Amino acid sequence: MSLAVTVLQQELLPEGLNISFKLLPGIIVVTMMLSFLGVGYFYKVADTENMWVAGRSIGNVENGMAIGANWMSAASYLGMAALIALSGVYGLAYVVGWTTGYFILLIFLAAQMRRFGKYTAPDFVGDRFNSDAARALAAVTTFLIGFVYALGQARGMGLVGMYILGDITAVLPIPGVSAYQAMMILFMVVTIGYLALSGMLGATKNMVLQFVILIGAFLIGLLVTGWSAGFSTVLPQLEYGALISELSAEFSAPFAGGSYYLWVATCFSLVFGTCGLPHVLVRFYTVQNERVARWSCTWGLFFICLLYLSAPAFAAFGTALYGSEIGAVYGDPGMSSAAGDVIVVLASQLAGLPTWLVGLVAAGGIAAAVATVSGLFIAASSAISHDIYANIINEDATQRQQVLVGRLSIVAIGLLTIVFALDPQQPIAALVGFAFSLAAIVLFPMFFLGLWWENANRQGALAGMVSGLVLWFIPMLNEGNFGIINGGDGWGIEIIATWMPAVGSALVATPLVFLVVIVVSAVTDEPPVDTKMMVRQCHSPDPMPKDKTAADVVAEKTDNVPPADD
Amino acid sequence: MYNRILIPTDGSTVAEAAVDHAVDLAEKYDAEVHALFVADVDAVTYSLGTEQVDRIRQGNFQGMTDLREDAEEATGYVRGQAEPLGLSVVERHAGGRPHAVIADYAADNDIDLVVMGSHGRSGVRRALLGSVTERTLRSTHVPVLVVDYERAEE
Numbered sequence: 005m006s007l008a009v010t011v012l013q014q015e016l017l018p019e020g021l022n023i024s025f026k027l028l029p030g031i032i033v034v035t036m037m038l039s040f041l042g043v044g045y046f047y048k049v050a051d052t053e054n055m056w057v058a059g060r061s062i063g064n065v066e067n068g069m070a071i072g073a074n075w076m077s078a079a080s081y082l083g084m085a086a087l088i089a090l091s092g093v094y095g096l097a098y099v100v101g102w103t104t105g106y107f108i109l110l111i112f113l114a115a116q117m118r119r120f121g122k123y124t125a126p127d128f129v130g131d132r133f134n135s136d137a138a139r140a141l142a143a144v145t146t147f148l149i150g151f152v153y154a155l156g157q158a159r160g161m162g163l164v165g166m167y168i169l170g171d172i173t174a175v176l177p178i179p180g181v182s183a184y185q186a187m188m189i190l191f192m193v194v195t196i197g198y199l200a201l202s203g204m205l206g207a208t209k210n211m212v213l214q215f216v217i218l219i220g221a222f223l224i225g226l227l228v229t230g231w232s233a234g235f236s237t238v239l240p241q242l243e244y245g246a247l248i249s250e251l252s253a254e255f256s257a258p259f260a261g262g263s264y265y266l267w268v269a270t271c272f273s274l275v276f277g278t279c280g281l282p283h284v285l286v287r288f289y290t291v292q293n294e295r296v297a298r299w300s301c302t303w304g305l306f307f308i309c310l311l312y313l314s315a316p317a318f319a320a321f322g323t324a325l326y327g328s329e330i331g332a333v334y335g336d337p338g339m340s341s342a343a344g345d346v347i348v349v350l351a352s353q354l355a356g357l358p359t360w361l362v363g364l365v366a367a368g369g370i371a372a373a374v375a376t377v378s379g380l381f382i383a384a385s386s387a388i389s390h391d392i393y394a395n396i397i398n399e400d401a402t403q404r405q406q407v408l409v410g411r412l413s414i415v416a417i418g419l420l421t422i423v424f425a426l427d428p429q430q431p432i433a434a435l436v437g438f439a440f441s442l443a444a445i446v447l448f449p450m451f452f453l454g455l456w457w458e459n460a461n462r463q464g465a466l467a468g469m470v471s472g473l474v475l476w477f478i479p480m481l482n483e484g485n486f487g488i489i490n491g492g493d494g495w496g497i498e499i500i501a502t503w504m505p506a507v508g509s510a511l512v513a514t515p516l517v518f519l520v521v522i523v524v525s526a527v528t529d530e531p532p533v534d535t536k537m538m539v540r541q542c543h544s545p546d547p548m549p550k551d552k553t554a555a556d557v558v559a560e561k562t563d564n565v566p567p568a569d570d
Numbered sequence: 352m353y354n355r356i357l358i359p360t361d362g363s364t365v366a367e368a369a370v371d372h373a374v375d376l377a378e379k380y381d382a383e384v385h386a387l388f389v390a391d392v393d394a395v396t397y398s399l400g401t402e403q404v405d406r407i408r409q410g411n412f413q414g415m416t417d418l419r420e421d422a423e424e425a426t427g428y429v430r431g432q433a434e435p436l437g438l439s440v441v442e443r444h445a446g447g448r449p450h451a452v453i454a455d456y457a458a459d460n461d462i463d464l465v466v467m468g469s470h471g472r473s474g475v476r477r478a479l480l481g482s483v484t485e486r487t488l489r490s491t492h493v494p495v496l497v498v499d500y501e502r503a504e505e
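Residue numbers (our numbering), protein chains in the order written: chain R, 5 to 570; chain E, 352 to 505.
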């Protein structure tokens with residue numbers, strides 16, 4: 005890994021963090037988790053005797069908040085400030101990348117996806133390219149994205165959990181399990197249990213609640229930390245600028261913690277990964293019409309910016325407090341990546357905030373992780389139970405069978421995440437970055453070309469996705485992620501590590517995949533006329549009725565059958 | 352005796368096995384046939400995603416093409432069997448927990464008899480997949496005729 009932040013993490017133990025059982029923060033977290041269950045139960049879809057009767061629809065703001073909660077994971081809440089604290093300007097690639105992506109989404113994909121009108125990302129790929137193999141590849145990719153993304157969330161939950169509940173292995177010794185591992189397993193098991201018993205954790209109402217908790221905790225934490233440490237008054241997002249000259253050059257000097265190329269590559273991966281994330285796009289299929297799709301996207305971006313404009317300030321405060329109270333942030337030994345990952349909590353603790361307030365900040369981190377994990381796992385479970393099981397393996401699957409397969413796949417992806425998160429090799433933000441690379445390389449070209457180029461065909465999509473998956477795995481294995489090559493050292497090929505770092509591999513790979521799709525599509529047969537008309541329908545200037553998909557409109561045009569009305 | 356007969360159906364062969372029995376009875380008593388499709392909210396959560404559950408809540412069922420097709424096909428099969436015999440058919444599409452919706456529908460619409468198919472699962476398979484029929488029996492006071500579906504090849 006060419007990042008300057010690589011630190012050995014045999015024992016994930018953030019130095020300086022007060023690790024002990026704390027009653028009030030414990031109560032806050034338990035209350036929060038119970039309220040998710042309460043909201044899920046209270047807003048559980050009542051039995052509706054007639055599905056054709058319109059109920060209340062979800063508005064822009066509410067949908068925007070849900071997008072924000074779905075989106076802002078432990079990587080945004082903890083990882084972003086961590087990376088800025090550890091690597092300075094390099095960390096800004098995340099702030100820039102994770103917001104710019106929404107513009108591409110807004111302009112090129114949100115409304116068009118709504119018009120296409122499918123349920124899941126693999127559904128779109130399967131129907132656009134008329135291929136079950138393409139559907140299966142997209143489903144496998146969705147599953148893989150969920151898994152890699154969740155690794156970062158698991159790490160975040162484990163580290164923050166230690167502040168709240170302390171070292172439970174001291175009370176309940178489990179041989180071979182460290183304090184971090186015990187806490188990570190505990191929170192993951194609770195989350196998986198929630199999801200497998202009731203998928204409603206990811207429903208819009210819960211997402212809104214999770215967003216309010218996480219943004220409230222973050223902003224209050226920042227404000228009070230800045231105030232009590234004497235760094236800022238009412239607008240820490242701007243006032244932290246006064247600190248810049250006092251902080252070490254590693255924090256403020258451009259590109260001290262990573263090369264220009266790495267910055268650009270990371271940023272590119274994050275921008276285009278945003279547009280390829282299946283659990284983000286799925287929100288756009290369900291809104292009333294394309295107008296709501298666009299406005300939801302805009303509101304989502306606004307809610308996300310609330311946190312992203314604040315993260316650098318939190319990082320600066322954290323770095324300053326760490327430097328004055330614990331020791332030098334940079335150099336040897338310097339701040340460990342584990343301490344970095346909890347810098348948000350650490351900063352509030354070092355600023356002398358009351359325990360319950362620090363606990364609230366920690367609880368916000370857990371809310372962020374839970375919200376994103378539920379979105380990801382439900383997306384993964386639909387990829388398996390809807391796209392692979394019900395559409396390919398058993399076309400006559402009953403609804404109960406789909407529930408069973410869905411629950412089993414949530415448990416499977418959860419266990420897989422726990423096993424690989426026992427010893428995570430990278431900080432939260434980097435782990436999540438890998439998932440973005442994957443989305444940018446494999447799914448984004450399918451969505452973009454699928455919606456904007458009518459001649460993109462099945463052969464092109466298959467070739468593109470297969471080469472994309474291979475291209476993603478090369479730098480991942482080269483850098484020793486997953487710990488399967490050379491016991492976690494990877495191949496260590498220098499030229500790949502420099503020019504195609506795993507966290508930014510999309511800069512090289514995404515254009516290559518585009519090229520593969522275009523060339524293969526050009527030399528093979530054009531897609532059927534229906535498909536082409538469907539693509540055109542997604543861009544038609546005529547308003548489309550909200551109850552129709554592009555496929556319906558095309559079917560009506562070609563057959564001249566009157567629309568079915570029941 | 353039987354004026355309104357309810358046939359809950361999910362479009363599976365198991366459910367369709369019950370249709371013959373129901374239609375035959377309906378013809379004898381000149382009863383009205385009600386065909387009810389229930390989209391299981393749990394199934395929608397895990398297979399299409401929680402966002403789609405919100406969609407059902409909003410009554411945006413029309414926009415959910417695949418599910419709509421399944422529902423229309425399921426109740427359409429009942430109509431196809433019953434109408435040629437001169438019976439009147441009511442088709443209804445609902446969402447929620449199937450057994451609860453079936454019981455409520457029977458109570459609200461003065462249903463005199465529910466005819467439904469059952470897999471006849473036992474052991475582990477029943478424990479995992481459960482039985483909608485069994486739960487319906489426990490939640491309704493209306494007489495229920497259960498038609499056990501046995502595969503020809505077994």
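All C-beta atoms in this analysis are idealised placements derived from N, C-alpha and C, irrespective of residue type, glycine included. These figures come from a predicted structure and were not determined experimentally.
Three or more Cβ pairs drawn from the region 353-361 of chain E and the region 465-477 of chain E lie within less than 8 angstroms of each other, which places the two stretches in contact. Proximity of chain R to Arg486 of chain E at the Cβ level (cut-off 9 angstroms) is not reached, the minimal Cβ distance being about 11 angstroms. Asp171 of chain R is outside the set of residues whose beta carbon lies under 8 angstroms from a beta carbon in chain E.
Rounded to whole angstroms, Val164 of chain R and Ile172 of chain R show a C-alpha spacing of 13 angstroms.
Residue-level contact check: Tyr397 of chain E touches chain R, since one or more beta carbons of chain R fall below 8 angstroms from its beta carbon.
Within the region 19-39 of chain R, not one residue has a Cβ closer than 8 angstroms to any Cβ of chain E. Taking 8 angstroms as the cut-off, the Cβ atoms of Ala343 of chain R and Leu16 of chain R do not count as close. Look at Ala394 of chain E: its C-beta is under 8 angstroms from a C-beta on chain R. Contact note: Thr124 of chain R reaches chain E through Leu399 and Gly400, using a C-beta cutoff of 8 angstroms and chain order. Cβ neighbours of Ala445 of chain E within its own chain (closer than 6 angstroms, five residues either side excluded): Val389 and Val452. Following the DSSP letters along the chain, one finds Leu285 of chain R inside the alpha helix (DSSP H) bounded by residues Pro282 to Tyr289. When Cβ-Cβ separations below 8 angstroms define contact, Tyr456 of chain E makes contact with chain R. Contact between Val194 of chain R and Met37 of chain R holds: CB atoms are separated by about 7 angstroms, below the 8 angstroms threshold. Against Gly206 of chain R, the close residues of chain E are Thr401, in the order they occur along the chain (beta-carbon pairs closer than 7 angstroms).
Judged by beta-carbon spacing, Arg462 of chain R lies within the 8 angstroms limit of Phe133 of chain R, meaning their Cβ atoms are closer than that value. Per DSSP, reduced to three states, the secondary structure at Glu329 of chain R is helical. Within the DSSP secondary-structure output, Val275 of chain R pairs in no beta bridge. For the 8 angstroms CB-CB criterion, Arg139 of chain R and Gln541 of chain R do not form a contact. Beta-bridge annotation (DSSP): Asp391 of chain E is paired with E:Gly447. Counting along the chain, Val34 of chain R sits inside the alpha helix (DSSP H) bounded by residues Leu27 to Phe46.
By the neighbour-count criterion, in which 16 or more other beta carbons inside 10 Å mark a residue as buried, Asn54 of chain R falls on the exposed side. Residue environment analysis places Tyr123 of chain R among the buried positions, since at least 16 neighbouring C-beta atoms fall within 10 angstroms of its C-beta.
Taking CB atoms only, Ser473 of chain E has no neighbour in chain R less than 8 angstroms away. Only those residues of the region 375-390 of chain R whose C-beta falls short of 7 angstroms from the nearest C-beta of chain E are listed: Ile382, Ala383, Ser385, Ser386, Ser389 and His390.
At a cut-off of 8 angstroms between beta carbons, Gly414 of chain E contacts chain R. Chain R has a Cβ within less than 8 angstroms of the Cβ of Asp391 of chain E. Considered as a whole, the region 103-146 of chain R harbours 114-120 and 125-132 as its complete alpha helix (DSSP H) runs of no fewer than 4 residues, in chain order. Every alpha helix (DSSP H) of 4 residues or more that sits fully in the region 156-234 of chain R is shown, in chain order, as 172-175, 183-201 and 208-232. For Leu436 of chain E, there is no enclosing beta strand (DSSP E), as DSSP marks it with neither H nor E. Going by C-alpha positions, Ala425 of chain R is about 39 angstroms away from Val523 of chain R. The alpha carbon of Lys209 of chain R has as its nearest neighbour, out of R:Ile347, R:Asp345 and R:Gly63, the alpha carbon of R:Gly63.
Boundaries of the beta strand (DSSP E) harbouring Met467 of chain E: Leu464 to Ser469, taken from the DSSP string. If you look at Ile370 of chain R, you'll find it in the alpha helix (DSSP H) that goes Thr359 to Ser386. For Asp391 of chain R, there is no enclosing alpha helix (DSSP H), as DSSP gives it neither H nor E. In this structure, Gly410 of chain R lies away from Ser363 of chain E, with their beta-carbon atoms at least 8 angstroms apart.
Linking His390 of chain R to Gln406 of chain R through their CA atoms gives a straight-line distance of about 7 angstroms.
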